[in-house]
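Asker: Residue numbers (the working numbering), protein chains in the order written: chain P, 811 to 1253; chain B, 811 to 1253. Could you have a look at this structure, given as structure tokens, before my questions?
There are 2 protein chains.
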Amino acid sequence: MSEKLIKPQTLKGFRDFLPSAALARERLIDTAKRVYRSYGYAPIDTPALEYTEILLGKGGDESDKQMFRFEDQGGRDVAMRFDLTVPFARFAAQHAQELGLPFKRYHVGTVWRGERPQKGRFREFVQCDFDTIGTDSAASDAETLLVIHDLLVALGIERFSIRVNHRGVLNGLLESLGVRDKSASVLRALDKLAKAGREAVIKEMVEIAGLTSDAAESILRFCARTGPPGEVLSEVATQLDGVEISRLGIQTLRGLFEAADAAGVPASRLRLDLAIARGLDYYTGTIYETFLDDLPAIGSVCSGGRYDNLAGLFTKLPLPGVGASLGVDRLLAAMEELGLVADGATPATVLMTQFEPNRLRDYIAAAARLRGRGIAVEVFPEAKNVGKQFKYADRKGHRLVIVAGSDEFAARTWQIKTLATGEQTTVADTELVDAVSQLLNPG
Amino acid sequence: MSEKLIKPQTLKGFRDFLPSAALARERLIDTAKRVYRSYGYAPIDTPALEYTEILLGKGGDESDKQMFRFEDQGGRDVAMRFDLTVPFARFAAQHAQELGLPFKRYHVGTVWRGERPQKGRFREFVQCDFDTIGTDSAASDAETLLVIHDLLVALGIERFSIRVNHRGVLNGLLESLGVRDKSASVLRALDKLAKAGREAVIKEMVEIAGLTSDAAESILRFCARTGPPGEVLSEVATQLDGVEISRLGIQTLRGLFEAADAAGVPASRLRLDLAIARGLDYYTGTIYETFLDDLPAIGSVCSGGRYDNLAGLFTKLPLPGVGASLGVDRLLAAMEELGLVADGATPATVLMTQFEPNRLRDYIAAAARLRGRGIAVEVFPEAKNVGKQFKYADRKGHRLVIVAGSDEFAARTWQIKTLATGEQTTVADTELVDAVSQLLNPG
């Protein structure tokens, strides 16, 4: 064809999804949506492009967000969204009247950040958030926890723990120590505990936040408490007795554990962790992080919390809320490592080969009958070399291969081969659908 | 809060999806994916941003594509994809080795075009394509037809017709008239037949394509043939006897009708339409368009065809293929008009009200039991005014509302109200899940 070809390549930091990766991601996202819907969260969507002013917000630090920003055809200053939270704030402010409150939404969408690409970090990735806004009821805090739990279970993950904390408890502690005004820098230091270790955190609390080392030690001692949540919360309540702002936090946390128990969440999957702070100033109440027991080092796969006001930049209507965000890429990597991602590059479980070129009608008719039973069947497009068709099935990951040649058509039968075992069976045409169902779902 | 608020607004030509619209779109796309998968098409994804050079192709007419184009942080000339075909061509060329051929993919993705916004036309929209590449087997042409058919049926649409044609037949006709060299401009004119009418098309064929009016009349007479496809094809075969290029077209079209019959497609849903040409130079073989019997004026909701070579700009590997694209926005508008879009702004069918503030545990536990049976249940977050909770359910579109107050808790019962009828029933706690299932799916 052309003499000079254009080199086919993606931009640095961007990637293609080939079928096996795309299938795994699609399954994960479909599962997340199913769980969100089962609690009544409804989908929304917002544009990829927004006015830069909206994405930057007030005094926004652009370099922080590393937006893809440009002037559009109409001379507008626009940018690609770098998260789903700011667009949700804009959306909620703009449509509050029509949406009604409380409002529960999920949003699965692509976001873009011009960060330096690193292993496992891309300039384009999918976020998968859910939130309840317009209520400060602790029932929504509890529900957020249940959603996270059900989501991981639905993904086939059994061994994980959701760690919860409450900013009110931490702030009450700081108040009792007389350092409430240093909250932001203290919590930022505390957030590094798991990664940087105790000494580094104390150093930062003293040197940057300006605490005495006694106060820093007290905070770390407080946060290191372990034991049954009910008992720990009682101890905390005693220690912080009379500190008003911690009362609501303690009460909300108790409610979380009760709700989880009522919904049948095993106690082993839920932990009170007084050390989790999440650096974001955004959170004001409950905090959630989720760790996989078998891969703790990858960090939290689902995190969130409660905030006082979602959309203060855009509306005077106060919109308190609570929600969390699933780390899609991180979770996919983890599931792959745990062997929870099905292999294969095809969604079809069955390959119908073509052997006799003039029998396409029969192959198509049989495939249609199988699909009628909900079985995904691919018909190989060419009546060529059957060995090549078997190789195709091996490579793509079909589980069963169906063959019929002149003998089978004469006898009104089909041969079915199970690729994993090599077992082959011949069935009557009238038994085909039942036989395939049985082979795919034995027992 | 802030004194100066930022005005919450979307960019011109862009739109938010509120829950009812987002739910409808999500259901449509989920259905399309399910049908694609049932035939073994696998998902892929490509980045929103590509090198401009790749999207423009050779001698690309940028104004035509109205790309969102800019220089990224690294000084690269980049643009947002304006369709999924060019990225697929780049993808196929780049990964052909790893993918293996034949290769079947679907791709659901957002694309952007800086066109002047009009009613029903946006600068951001979703495309939903499927293709088989790497084979010129007519079995894939037939399968494309079956996928379109199953897709519309799965969406609940019963009355539609898929019109098929083949470029080889049209080109054979032009050859027989000695005007094969005018093919592009003649087909462009013919493509306007449904919209502009007979006279206008003849005028364009004469004035712009340079045909004699006799030749133009012959073409339109040829294309107006109706009748049982087998008969029409026999007539065409006789008329074009000896015109080599039309032979394959006639044979492929016969195969399509046979395959459709084998798969159980009602004959009423399939039409041979010798007048459909699709203006795109891109197509070289079969052509598909799909019209709704009850809304013909909205145009084709699923169109496609066969092409000789997908990725000639990027690779010397020939990649013939066939596929089609679902018009998501157009189909959604049509389904809404036909009453096929479920109302409601919530995916939950049941609202569990909170009546007794200290009974959250019980409400949560009952909701968890219902979810265990696959029922989507929303628990109202606040134990406030039950009237307000009923209004919420009315507004969101829940079908059932469950209530329990102190009397019910004492008697271990629940009240279930069906919103559509106002009927109310009291059931024992042990019967709750069965009763709700029964009310949601009677019979």
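We treat Cβ as the ideally placed atom computed from N, Cα and C, and that holds for glycine. What you are looking at is a predicted structure, and each value in this text was computed from that prediction instead of being measured.
Do P/Glu908 and B/Leu828 have their beta-carbon atoms positioned less than 8 Å apart in this structure?
Answerer: Locating residue 828 of chain B in the second sequence gives position 18, counting from the first residue. Locating residue 908 of chain P in the first sequence gives position 98, counting from the first residue. Result yes, Cβ atoms of B/Leu828 and P/Glu908 sit closer than 8 Å.
Asker: Looking at the structure shown, is P/Met811 part of a helix, part of a strand, or coil, going by DSSP?
Answerer: Numbered from its first residue, the first sequence carries residue 811 of chain P at position 1. Residue confidence is low: P/Met811 scores 44 on pLDDT, short of 50, so the model does not pin down where it sits. Its coordinate-derived value is still stated next. Here P/Met811 sits in coil by DSSP.
Asker: Kindly say whether P/Val888, judged by its beta-carbon, lies nearer than 8 Å to any beta-carbon of chain B.
Answerer: By one-based count along the first sequence, residue 888 of chain P stands at place 78. Cβ-Cβ to chain B under 8 Å: yes for P/Val888.
Asker: Helix or strand or just coil, what does DSSP make of B/Thr766?
Answerer: One cannot answer for residue 766 of chain B here, as it falls past the ends of chain B, which runs 811 to 1253.
Asker: Looking at C-alpha atoms only, which residue of B/Arg825, B/Glu1068, B/Leu1129 and B/Leu1030 is the closest neighbour of B/Ala903?
Answerer: If you number the second sequence from 1, residue 903 of chain B lands on position 93. The shortest Cα separation from B/Ala903 among B/Arg825, B/Glu1068, B/Leu1129 and B/Leu1030 belongs to B/Leu1129.
Asker: Using CA atoms only, rank isn't needed, just tell me which of B/Ala858, B/Gly1020 and B/Leu984 is closest to B/Thr920.
Answerer: Stepping through the second sequence from its first residue, residue 920 of chain B is reached at position 110. Selected option, being the one with the closest Cα: B/Ala858.
Asker: Can you list, in chain order, the residues of its chain with a C-beta nearer than 8 Å to that of B/Leu1127? Leave out the 5 residues immediately preceding and following it.
Answerer: For this step, residue 1127 of chain B is matched to residue 317 along the second sequence. Around B/Leu1127: Ala903, Ala906 and Ala1121.
Asker: On the DSSP bridge assignment, give the partners of B/Gln1307 in chain order.
Answerer: For residue 1307 of chain B there is no data in the structure shown, the boundaries of chain B being 811 and 1253.
Asker: With 9 Å as the C-beta to C-beta threshold (strictly closer), list the residues of the region 1095–1126 of chain P near chain B in chain order.
Answerer: Result list: Asn1119, Ala1121, Gly1122, Leu1123, Phe1124, Thr1125 and Lys1126.
Asker: State the Cα-Cα distance for the pair B/Glu1166 and B/Lys1194, rounded to the nearest angstrom.
Answerer: One-based indexing of the second sequence puts residue 1166 of chain B at position 356. One-based indexing of the second sequence puts residue 1194 of chain B at position 384. When rounded, the distance between both Cα atoms is 9 Å.
Asker: Out of B/Phe932, B/Glu863 and B/Ala842, which has the shortest C-alpha to C-alpha gap to P/Lys814?
Answerer: Your numbering for residue 814 of chain P matches position 4 in the first sequence. Cα-wise, what sits closest to P/Lys814 is B/Glu863.
Asker: Measuring CA to CA, which of B/Val896, B/Arg844 and B/Ala949 is closest to B/Leu1066?
Answerer: Along the second sequence, read from residue 1 onward, the residue named residue 1066 of chain B stands at position 256. Per the Cα distances, B/Ala949.
Asker: Taking 8 Å as the cut-off, does the region 1001–1015 of chain P touch the region 1139–1159 of chain P (at least 3 CB pairs, one atom from each stretch)?
Answerer: Counting Cβ pairs under 8 Å, fewer than three are found: no touch.
Asker: Quick check: what's the CA-CA separation for P/Leu983 versus P/Ser993?
Answerer: Here residue 983 of chain P corresponds to residue number 173 of the first sequence, with the count starting at 1. Here residue 993 of chain P corresponds to residue number 183 of the first sequence, with the count starting at 1. Approximately 10 Å, taken between the alpha carbons.
Asker: Is it true that the region 1023–1039 of chain B meets the region 957–970 of chain B, where meeting means three or more beta-carbon pairs spaced less than 8 Å apart?
Answerer: Segments in contact, no.
Asker: Only counting runs of 3 or more residues, tell me where the beta strand (DSSP E) segments fall wholly within the region 1193–1220 of chain P, in order along the chain.
Answerer: Fully enclosed beta strand (DSSP E) runs of 3 or longer: 1210–1213.
Asker: In whole angstroms, what separates the C-alpha of B/Phe878 from that of B/Arg931?
Answerer: Here the question's residue 878 of chain B lines up with position 68 in the second sequence. Here the question's residue 931 of chain B lines up with position 121 in the second sequence. Taking the straight line from one Cα to the other gives about 16 Å.
Asker: If we call anything under 8 Å between Cβ atoms a contact, is P/Asp951 one with P/Arg1088?
Answerer: Locating residue 951 of chain P in the first sequence gives position 141, where the first residue counts as 1. Locating residue 1088 of chain P in the first sequence gives position 278, where the first residue counts as 1. No, the Cβ-Cβ distance between P/Asp951 and P/Arg1088 is not below 8 Å.
Asker: Looking at C-alpha atoms only, which residue of B/Val1132, B/Ile1060 and B/Thr1125 is the closest neighbour of B/Phe913?
Answerer: Indexing the second sequence from 1 puts residue 913 of chain B at position 103. Out of B/Val1132, B/Ile1060 and B/Thr1125, B/Val1132 has the C-alpha closest to the C-alpha of B/Phe913.
Asker: Measuring CA to CA, which of B/Glu1241, B/Tyr1117, B/His959 and B/Ala1026 is closest to B/Ala842?
Answerer: Here residue 842 of chain B refers to the residue found at position 32 when the second sequence is read from its first residue. Cα-wise, what sits closest to B/Ala842 is B/His959.
Asker: How about B/Gly1059 and B/Gly978: do their beta carbons lie closer than 8 Å?
Answerer: Along the second sequence, one-based indexing puts residue 1059 of chain B at 249. Along the second sequence, one-based indexing puts residue 978 of chain B at 168. Yes. Within cutoff.
Asker: Leaving aside the five residues before and after P/Val1138 along the sequence, list all residues of the same chain whose C-beta is less than 6 Å from its C-beta, in chain order.
Answerer: What you label residue 1138 of chain P is simply residue 328 of the first sequence in a count that begins at 1. So the list reads Val936 and Cys938, once near-sequence residues are dropped.
Asker: Between B/Glu1218 and B/Gln1225, how many whole angstroms is the CB-CB distance? I'm expecting something under 8 Å.
Answerer: The sequence position of residue 1218 of chain B within the second sequence is 408, counting from 1. The sequence position of residue 1225 of chain B within the second sequence is 415, counting from 1. With a Cβ gap of about 6 Å, B/Glu1218 and B/Gln1225 count as contacting.
Asker: Looking at chain P, which residues of the region 1022–1035 of chain B have a Cβ within less than 7 Å of any of its Cβ atoms?
Answerer: So nothing in the stretch comes that close.
Asker: Excluding the 5 residues flanking P/Lys1227 on each side, which residues of the same chain have their C-beta closer than 6 Å to its C-beta?
Answerer: Reading the first sequence from its first residue, position 417 is the one you call residue 1227 of chain P. The answer, listed in chain order, is Val1211 and Gln1234.
Asker: Using 8 Å for Cβ pairs, my map puts P/Ile972 next to P/Leu955. What's the rounded Cβ distance?
Answerer: The sequence position of residue 972 of chain P within the first sequence is 162, counting from 1. The sequence position of residue 955 of chain P within the first sequence is 145, counting from 1. Yes, P/Ile972 and P/Leu955 are in contact; Cβ-Cβ is about 6 Å, under 8 Å.
Asker: Going by other Cβ atoms of all chains shown within 10 Å of its Cβ, with 16 needed for buried, is P/Glu1241 buried or exposed?
Answerer: Within the first sequence, residue 1241 of chain P is the residue found at index 431, counting from 1. Answer is exposed; the Cβ neighbour count stays below 16.
Asker: Taking C-beta pairs closer than 8 Å, name the residues in chain P that B/Arg825 reaches, listed in chain order.
Answerer: Within the second sequence, numbered from 1, the residue matching residue 825 of chain B stands at position 15. The contacting residues are Pro857.
Asker: Can you pull the chain P neighbours of B/Phe880, defined as C-beta to C-beta under 7 Å?
Answerer: Walking along the second sequence from the start, residue 880 of chain B turns up at place 70. The contacting residues are Phe880.
Asker: Go through its chain and collect everything with a Cβ distance to B/Pro1157's Cβ below 7 Å, but skip five positions before and after it.
Answerer: Against the second sequence, residue 1157 of chain B aligns to sequence position 347. Cβ neighbours of B/Pro1157 beyond the five flanking positions: Leu833 and Ala1186.
Asker: Ignoring anything shorter than 3 residues or poking outside the region 1046–1094 of chain B, list the beta strand (DSSP E) runs there in chain order.
Answerer: Fully enclosed beta strand (DSSP E) runs of 3 or longer: 1080–1082.
Asker: Using beta-carbon positions only, say whether B/Phe1124 and B/Arg915 come within less than 8 Å of one another.
Answerer: Sequence index remark: in the second sequence, residue 1124 of chain B carries index 314 (1-based). Sequence index remark: in the second sequence, residue 915 of chain B carries index 105 (1-based). Not a contact, by the Cβ cut-off of 8 Å.
Asker: Does chain P have any CB closer than 8 Å to the CB of B/Ser812?
Answerer: Translated into positions along the second sequence, residue 812 of chain B becomes position 2. Here B/Ser812 scores only 46 on pLDDT, less than 50, and its place in the model should not be relied on; the value that follows carries that caveat. With 8 Å as the cut-off, B/Ser812 counts as an interface residue toward chain P.
Asker: With 8 Å set as the bound, which would you pick, yes or no: does the beta-carbon of B/Val1189 sit closer than that to a beta-carbon of chain P?
Answerer: By 1-based counting over the second sequence, the position of residue 1189 of chain B is 379. Yes, its Cβ sits closer than 8 Å to a Cβ of chain P.
Asker: Quick one: what does DSSP say B/Glu1041 is sitting in, helix, strand or coil?
Answerer: Position 231 of the second sequence, counted from the start, is the residue given in the question as residue 1041 of chain B. Correct three-state label for B/Glu1041: helix.
Asker: When the cut-off is 8 Å and only beta carbons count, does P/Ala920 lie next to chain B?
Answerer: Position 110 of the first sequence, counting from 1, holds the residue named residue 920 of chain P. The amino acid at residue 920 of chain P is misidentified as Ala; the sequence shows Thr. Closer than 8 Å to some Cβ of chain B, the Cβ of P/Thr920 qualifies, so yes.
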